[in-house]
Structures are given as C-alpha cells and as structure tokens.
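Inspection log for the structure reproduced underneath, given as structure tokens.
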Amino acid sequence: DQQVKQNSPSLSVQEGRISILNCDYTNSMFDYFLWYKKYPAEGPTFLISISSIKDKNEDGRFTVFLNKSAKHLSLHIVPSQPGDSAVYFCAARRETSGSRLTFGEGTQLTVNP
Amino acid sequence: NAGVMQNPRHLVRRRGQEARLRCSPMKGHSHVYWYRQLPEEGLKFMVYLQKENIIDESGMPKERFSAEFPKEGPSILRIQQVVRGDSAAYFCASSPYPGVNRDGYTFGSGTRLTVV
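Heads up: the sequence lines are chains D and B, in that order. Heads up, the final residue of the first sequence is numbered 113 in my numbering, and it's a clean run with no missing numbers. Heads up, the final residue of the second sequence is numbered 1116 in my numbering, and it's a clean run with no missing numbers.
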C-alpha cells in the first residue's frame, strides 16, 4: 500500500525556469510533510517541510504548497539551477508514529543549462 | 562536526553470508533510524533505536534481520544468511530527540549491499 506517491519518475526543465514536483498521499493521519533531495551515492538531505495546518511554506527559492482536501503537495523551485539536478523525495510523518517517515518513490529532476 | 557516518560504503556478500552495517550517529544524537532503499523505490522505514533500546521495529523483516544500538559504539544492522533480494542501499539517520520534527532527521551516505 503506497501511501505517498510521486507519479512522475522524472522531470526536465531549463535553467532559470520553474520546477514543480508533485506528491500525493492517501493517509489523512499524516501531519507533517517533508522534501528531501538526494544526489547519487549520497544520503538524502532535508530541504523543506510543512505542517498539515499550513498551506504554504517558503524558504528562498523553494516553496512547498499543501492542499489537504486533495491530499496533494507540491515543491516549487524558482529559478531552477543546474545544481538542483537530483532525486527529490516527498516524505510524510504520521502523528501517532512520529518516529518514522513514509517516502514516495522519488522524482529525478534535471535542470539543463 | 562529522555527520552521520556509515560504513562500509559498499559491501559485497555471497548468498548465505552475514552482513553487518554500522552507523555512528552525529555527536549528541541518541536516536537512530534505519531505512532501506530497493532499486527504483523510495526509502522504507525499518527500525528506530535509542541507546540500548529498540523503540519501533515494525518495518524489520521478521527473520534474518536484527538491529542494536549499544551503550558504547555504533548502531549495527545485521542481516544473516543474505539473499539476492537483500541487495539495496541501507541508510541510517539520527536525531537528538525522539521522532521527526520540522527539520527531519540527518541521514548518512548509506551502505550499498550487493549479494552475489
């Protein structure tokens, strides 16, 4: 049962344009959502998060939007840079089991110069 | 200030052998989490440990897998009698407090296990 899904395995954008990565979830008990970035042969690094009581969180070039009614979140990167090329994972925390994260499958973002 | 250290980075084992994966958390972190990433998949939670205690092992396969986090030394994930399906990247993460907060945990670079 895949409770967090990233339906796009890959995304390619031009440098300077906006990158939009999407994530859907099924479990309404998730109360926190996080995005991680992962380069090859490295571990995931935390990027940005959002609480389920908010609908937007912004940090520099990165903004995460949460639509609770649609059980959908998205990560916007603007402007995109070649160094942003990586795999992006959406992850969710369930309030009652706050020690673990449920990850999506990841989206490979390629930013072309 | 070293991050989460995992070793070895790469491990090759023949079917039936044992694999031992080590994780040293960040300084001051007493909570350790293990995740597994199979090819083309996301990370899957395996186990959460505090010093000398297993807090949540609901993601661990019932057989052949065990984990510990002793009072002294690194956390160890042990896989006995490895099979080809155990080939994956194993990531360890640590935090100074229980659970995940808005900054997530800090992950190590992982151990890539290949079973031949």
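Where is the CB? At the ideal position from N, CA and C, for every residue including glycine. Quantities reported herein were computed from a predicted structural model and do not represent experimental measurements.
*How big is the Cα-Cα spacing for Y1090/B and V1047/B?*
Looking at the two C-alpha atoms, the distance is approximately 12 Å.
*Under the assumption that S80/D contacts Y1033/B (Cβ atoms under 8 Å), give the Cβ distance between them as a whole number of angstroms.*
Contact annotation, S80/D with Y1033/B: C-beta distance approximately 31 Å; criterion of less than 8 Å not satisfied.
*Select from the segment 1070-1103 of chain B all residues with a C-beta closer than 7 Å to any C-beta belonging to chain D, and list them in chain order.*
Cβ contacts with chain D: F1091, P1098, G1099, V1100, R1102, D1103.
_Looking only at its chain, what residues have a beta carbon closer than 8 Å to the beta carbon of D55/D, apart from the 5 residues adjacent to it on each side?_
Apart from sequence neighbours up to five positions away, the residues of its chain that approach D55/D with a beta-carbon distance below 8 Å are F65, L66, N67, K68, ordered along the chain.
_D59/D classed as buried or exposed, judged by whether at least 16 other C-beta atoms fall within 10 angstroms_ = Result: exposed.
*From which residue to which residue does the beta strand (DSSP E) around H72/D run?*
Element bounds for H72/D: 72-77.
*Between which two residues does the beta strand (DSSP E) carrying G106/D extend?*
Element bounds for G106/D: n/a, residue is neither H nor E.
*Check R1015/B in the structure and name its three-state DSSP category.*
Note: R1015/B maps to coil in three-state DSSP.
*Proximal residues of chain D, C-beta to C-beta of F1107/B below 9 Å*: Neighbours of F1107/B on chain D, chain order: Y36, K38, E42, G43, P44, T45, F46.
_Where V1116/B falls, given that 16 or more other Cβ within 10 Å makes a residue buried_ = So V1116/B ends up on the exposed side.
*In its own chain, which residues sit with a C-beta less than 6 Å from the C-beta of P1096/B, not counting the 5 before and 5 after it?*
Within the same chain, P1096/B has close Cβ partners G1028, H1029.
*Cβ distance (whole Å) where Y36/D is taken to contact G1104/B below 8 Å*: That pair is a contact at about 7 Å.
*Can you name the residues of chain B whose CB is closer than 9 Å to the CB of L103/D?*
This sequence places Phe at residue 103/D; Leu is not what is there. What F103/D touches in chain B, judged by beta-carbon distance under 9 Å, is Y1035, Q1037, E1041, G1042, L1043, K1044, F1045, going in chain order.
*Below 8 Å, can you find three or more Cβ-Cβ pairs linking the segment 30-44 of chain D to the segment 1017-1025 of chain B?*
Result no; under three Cβ-Cβ pairs closer than 8 Å.
_Cross-strand partners of F62/D (DSSP beta bridge)_ = DSSP, once it has assigned bridges, lists D59/D, I77/D as partnering F62/D.
*Status (buried if at least 16 other CB within 10 Å, exposed otherwise) for K1062/B*: By the neighbour-count rule (16 or more Cβ atoms within 10 Å), K1062/B is not buried but exposed.
*asked:* Any beta carbon from chain E within less than 9 Å of H1031/B's own beta carbon?
replied: Protein chains D and B are contained in the structure displayed, whereas chain E is not.
_Under 9 Å between C-beta atoms of A70/D and Q3/D_ = Taking 9 Å as the cut-off, the beta carbon of A70/D is found no closer than this to the beta carbon of Q3/D.
*Beta carbon of F1069/B nearer than 9 Å to that of S1058/B*: No, they are not a contact pair.
*Please report how far the alpha carbon of S1087/B lies from the alpha carbon of P9/D, in whole angstroms.*
Going by the C-alpha atoms only, they are around 21 Å apart.
*Q6/D, buried or exposed, once every other Cβ within 10 Å from all chains shown has been counted against 16*: Flag for Q6/D reads buried.
*Proximity winner among R1014/B, L1077/B, Q1037/B, relative to Q1006/B (alpha-carbon distances)*: Answer by Cα proximity: L1077/B.
*Show which residues of chain D have a CB atom less than 9 Å away from the CB atom of I1054/B.*
Result: empty, since nearest Cβ-Cβ is about 11 Å, beyond 9 Å.
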